[in-house]
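Residue numbers (the working numbering): 1 to 68.
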């Protein structure tokens, strides 16, 4: 974990998105429109889902939260 060692995760994230964009550009260039749309849609859905989960407030895990 780069954040745990004091490193920065952004170079890895930048590399990931550079490769993703390159792959999508090549996919469009060769005319695979369905594959391009599917890859873009899946990445968008996954990104929105992860963003929503990451910003969800934490639920306390104490016994007082259980219903009788």
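Where is the CB? At the ideal position from N, CA and C, for every residue including glycine.
(request) Could you check the C-alpha separation between residue 30 and residue 58 for me, to the nearest Å? (result) 45 Å
(request) Could you pull out every residue in the same chain whose Cβ sits closer than 8 Å to the Cβ of residue 52, ignoring the five residues on either side in sequence? (result) none
(message) For residue 22 and residue 34, I'd like the C-alpha separation in whole angstroms.
(response) 17 Å
(message) Which of the three DSSP states is assigned to residue 45 in this structure?
(response) helix
(message) With the cut-off set at 8 Å, would you say residue 36 and residue 27 are in Cβ contact?
(response) yes
(message) Helix, strand or coil, according to DSSP, for residue 58 in the structure here?
(response) coil
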